[in-house]
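This report refers to the structure that appears directly beneath it.
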Amino acid sequence: IKNRPRQRRATMWLTPARARIHDVRRYVRFPGLPPPPVPPYHRPWDYGSRSPRLVFRDHQLDGPQLPTVQPSWAHNSVVDDTNQGEECKTGTCESLIVCWISWGKVTTRCDGFLHYCCDYSTAKSGSSSASSSAPPTPLPIYGPVSNDPRCGLSVKSQAAQRRIVGGDEAGFGSFPWQAYIRIGSSRCGGSLVNRYHVVTAGHCVARASARQVQVTLGDYVINSAVEPLPAYTYGVRQISVHPYFKFTPQADRFDVAVLRLDRPVQYMPHIAPICLPTKGEDFLGQFGWAAGWGALQPGSRLRPKTLQAVDVPVIDNRLCERWHRSNGINVVIYDEMMCAGYRTGTKDSCQGDSGGPLMLERSGRWYLIGIVSAGYSCAQRGQPGIYHRVAHTVDWISHIINS
463 IKNRPRQRRA TMWLTPARAR IHDVRRYVRF PGLPPPPVPP YHRPWDYGSR SPRLVFRDHQ
523 LDGPQLPTVQ PSWAHNSVVD DTNQGEECKT GTCESLIVCW ISWGKVTTRC DGFLHYCCDY
583 STAKSGSSSA SSSAPPTPLP IYGPVSNDPR CGLSVKSQAA QRRIVGGDEA GFGSFPWQAY
643 IRIGSSRCGG SLVNRYHVVT AGHCVARASA RQVQVTLGDY VINSAVEPLP AYTYGVRQIS
703 VHPYFKFTPQ ADRFDVAVLR LDRPVQYMPH IAPICLPTKG EDFLGQFGWA AGWGALQPGS
763 RLRPKTLQAV DVPVIDNRLC ERWHRSNGIN VVIYDEMMCA GYRTGTKDSC QGDSGGPLML
823 ERSGRWYLIG IVSAGYSCAQ RGQPGIYHRV AHTVDWISHI INS
C-alpha cells in the first residue's frame with residue numbers, strides 16, 4: 463500500500479514454494495526497502511515476473527514461429543563497473559543489504575557507504591553454499607581427448623563471423639554441427655562431435671528415454687524446405703548423462719549428456735562435427751558464439767524459424783557471481799560452469815537454446831567450449847548466461863564417444 467504509515471519494526475515476508483524442493487523460506491523486509499527476490503522457479507515456461515527467476519533454456523511448449531528475425535544488438539562492454547571497493551581478505555565487498563539477504567556473513571567494513579566484506583562460504587544450509595552440491599568424490603580421469611579428424615571445419619566460417627557480430631541470422635551451413643533435438647514436446651539444441659554422437663545439456667534428457675528423443679542435423683529454417691540441402695532426422699539408441707549430473711535449485715551441476723544416434727552420420731557441407739577442447743583449457747576473456755532457435759526476448763513463447771547466433775565474451779566465475787549479487791541474486795558458479803555475456807546485458811542465449819553450443823574459432827577450426835545451461839531471465843543487466851564448461855568434463859565426453 464503506497465500511503466501506509468512507516469512501520470518501526472521489521473516484518474516477515476514469505477516466498478512461494480520452490481518448484482522442486484517445495485520449501486518456504488522467510489525473509490525480513492525493512493520499511494522502505496523492496497522485498498528480496500523470489501527464489502527461482504524451475505519451469506521453463508513460467509515467465510512474466512519481474513523477480514529474477516532461473517530459467518533452464520529448453521522450452522516445453524510449441525509456440526508460434528516467426529517467419530524471419532533480424533535482431534539489432536547494441537555495443538556492450540565487458541568491464542566490471544561494480545564498485546567493489548578495497549579488496550577483502552575473506553569474501554567480497556558488498557552492500558550490507560545484499561550480503562544479508564544472500565545469507566552471507568558480514569566481517570569488516572570496506573570502501574563505500576554501508577559496504578562490508580561479505581563471506582559466502584559460511585552461508586546457511588539451504589542457501590547456495592559451495593559445499594551443499596559438491597560432487598561426492600574427486601573427478602576420475604578418463605584418459606586423453608580424441609577428436610574426429612574432420613572436426614570444426616565450416617565452409618561458411620568467414621561469412622558467419624560477419625553475420626554474428628552484427629547480430630544477424632547465422633547463415634546456412636555456418637555451424638554444420640548444430641543439432642535440433644526433440645524430447646517429447648520439449649526442444650533443445652546440441653552439437654555433433656562424431657558420426658554417432660551428439661552432445662547436449664543433461665537437464666534436457668536426464669528424465670527421458672532414448673525412444674522419446676529425435677535429433678535433426680543439417681537444419682537451418684525449422685519446418686521448411688527452402689534450404690539448398692536437406693536435413694536428416696535420427697533416432698537415439700543410448701543416452702549417457704554425466705555421472706555427477708544433479709538437478710539443483712540453481713543451475714544444474716555437471717549439466718552435460720551424450721546421445722548415441724541410431725545410425726552413422728554422413729558428413730556433408732552442412733553436416734559436420736565440432737572439435738572438443740583440451741582438458742582444463744581456460745577461455746577467459748575470449749569471445750564465443752552461441753547459436754540456437756531459442757526465444758529472442760525473455761518470457762516470449764515466439765520462436766524464430768531461422769537459426770540465430772550471437773557473440774558473447776567468457777567472463778570470470780567470481781565476477782559473474784558479483785554481477786548477479788548486485789541484482790540481489792545469490793548464485794554459485796562452480797568449476798564445471800562458466801558464464802558468458804555482458805555487464806549491460808542485451809546479448810544472450812534464451813529459452814529454447816538449452817544444450818546448444820558455445821563455440822570458439824581458432825586457427826580455422828571451431829571448438830565446443832560451452833553448453834547452454836541456464837540463466838536468470840535473458841539478456842538482463844548483470845545476469846549473464848550460465849553454461850556448462852566443456853573443458854572440465856571433456857575427457858568424460860571423449861571417453862563416451864570413443865568407447
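Residue numbering for the sequence shown follows our numbering, beginning at 463 and increasing consecutively.
Where is the CB? At the ideal position from N, CA and C, for every residue including glycine.
Distance between residue j and residue i (C-alpha atoms, nearest Å)
{"i": "R725", "j": "N656", "result": "12 Å"}
{"i": "G818", "j": "V772", "result": "12 Å"}
{"i": "V661", "j": "L576", "result": "46 Å"}
{"i": "I831", "j": "I701", "result": "21 Å"}
{"i": "K741", "j": "Y849", "result": "16 Å"}
{"i": "W785", "j": "L721", "result": "34 Å"}
{"i": "L822", "j": "D581", "result": "35 Å"}
{"i": "Y658", "j": "V794", "result": "34 Å"}
{"i": "G652", "j": "P846", "result": "20 Å"}
{"i": "R843", "j": "N789", "result": "9 Å"}
{"i": "A693", "j": "N864", "result": "25 Å"}
{"i": "P638", "j": "A632", "result": "11 Å"}
Residue i classed as buried or exposed, judged by whether at least 16 other C-beta atoms fall within 10 angstroms
{"i": "N609", "result": "buried"}
{"i": "S816", "result": "buried"}
{"i": "D485", "result": "In this prediction, D485 scores a pLDDT of 30, lower than 50, which makes its location untrustworthy; the coordinate-derived value is nonetheless stated afterwards. Result: exposed."}
{"i": "I603", "result": "exposed"}
{"i": "N685", "result": "exposed"}
{"i": "P705", "result": "exposed"}
{"i": "P606", "result": "exposed"}
{"i": "Q695", "result": "The residue you asked about is not Gln; residue 695 is Thr in the sequence shown. Exposed is the call here."}
{"i": "R774", "result": "Rather than Arg, the amino acid found at residue 774 in this sequence is Val. Buried, by the Cβ-count rule."}
{"i": "A836", "result": "buried"}
{"i": "L691", "result": "exposed"}
{"i": "Q712", "result": "buried"}
N- and C-terminal bounds of the beta strand (DSSP E) containing residue i
{"i": "W828", "result": "R827 to Y838"}
{"i": "L822", "result": "P819 to R824"}
{"i": "R571", "result": "K567 to R571"}
{"i": "R722", "result": "A719 to L723"}
{"i": "S647", "result": "Premise fails: S647 is in no beta strand (DSSP E) and is neither H nor E."}
{"i": "R699", "result": "Y694 to V703"}
{"i": "C579", "result": "H577 to D581"}
Beta-carbon spacing of residue i, residue j below 8 Å
{"i": "V617", "j": "I645", "result": "no"}
{"i": "L654", "j": "A672", "result": "no"}
{"i": "T569", "j": "C579", "result": "yes"}
{"i": "D778", "j": "L746", "result": "yes"}
{"i": "Y829", "j": "G614", "result": "yes"}
{"i": "A719", "j": "A668", "result": "yes"}
{"i": "G750", "j": "Q770", "result": "no"}
{"i": "V677", "j": "V698", "result": "yes"}
{"i": "E798", "j": "F716", "result": "yes"}
{"i": "V834", "j": "A663", "result": "yes"}
Extent of the continuous alpha helix (DSSP H) to which residue i belongs
{"i": "W858", "result": "V852 to I863"}
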